[in-house]
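In mature numbering (1 follows the signal peptide of the UniProt record, and there is no 0), the protein residues as written are -20 to -1, 1 to 114.
For every residue, glycine included, the Cβ atom is placed at its ideal position computed from N, Cα and C.
Here the structure comes first, spelled out in structure tokens, and everything after it is commentary.
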Amino acid sequence: MTSSILRLAFLAAVAVCTVAQMQIPCARPFTVRSGDTCDGISAEQGVSSFQLAASNFGVINANCTNISPGQVICLRRECLDCNNVHVVAQGDSCTSIADAARISVATLVANNPNLGPNCNLLFPGEVVCVADSF
């Protein structure tokens, strides 16, 4: 579940930020603690799962199994910064999330390419960007 999300997020990150942009220094570093998971870090720190994966392209693997206590990862880069997020709950749909945030489903998908073009890759625990622009 999470691995599919991160795998797609990594691929989408390439389209959003060029390799040159990924060299932009990290604007918001975070030190991983014992027991941390990517979804947990995203929820706690208020960053989307896509943003976390894209900001650490080439650092965090697709399954997010290679983070370890003491490791410093990036929560935000200039080319990827969403400050309005929603933690997906059981029963949420793209439509219900978009409606609650007062954005269109198209905007939700544009902000979160990892959801897929039909917004069918939404999973509980995932953190999505619900800003009106990203």
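Bounding residues of the alpha helix (DSSP H) (the contiguous stretch that carries T17):
Residue 17 sits at position 37 when you count from the first residue of the sequence shown. Taken as a continuous stretch (DSSP letters only), T17 belongs to no alpha helix (DSSP H), as it is neither H nor E.
Return the CA-CA distance between V27 and V107, expressed in angstroms with no decimal places.
Taking the sequence shown and counting its residues from 1, one reaches residue 27 at position 47. Taking the sequence shown and counting its residues from 1, one reaches residue 107 at position 127. So the alpha carbons of these two residues sit roughly 7 Å apart.
If N64 and V110 are in contact, beta carbons under 8 Å, what's the gap, nearest whole angstrom?
Residue numbering aside, residue 64 sits at position 84 when the sequence shown is read from its first letter. Residue numbering aside, residue 110 sits at position 130 when the sequence shown is read from its first letter. At roughly 5 Å, the Cβ-Cβ gap stays under 8 Å, so N64 and V110 are in contact.
Determine, using beta carbons only, whether C99 and C62 come nearer to each other than 8 Å.
Locating residue 99 in the sequence shown gives position 119, where the first residue counts as 1. Locating residue 62 in the sequence shown gives position 82, where the first residue counts as 1. No.
In the DSSP assignment, what are the bridge partners of P49?
Locating residue 49 in the sequence shown gives position 69, where the first residue counts as 1. Per DSSP, none; premise fails for P49.
Could you tell me if A81 is buried or exposed, where buried requires 16 or more neighbouring beta carbons within 10 angstroms of its beta carbon?
Here residue 81 refers to the residue found at position 101 when the sequence shown is read from its first residue. Counting Cβ neighbours within 10 Å, A81 comes out buried, since at least 16 surround it.
For D19, count the other beta carbons within 10 Å of its own beta carbon; 16 or more makes it buried, fewer makes it exposed. Which is it?
Position 39 of the sequence shown, counted from the first residue, corresponds to residue 19. Buried, since its Cβ has 16 or more Cβ neighbours within 10 Å.
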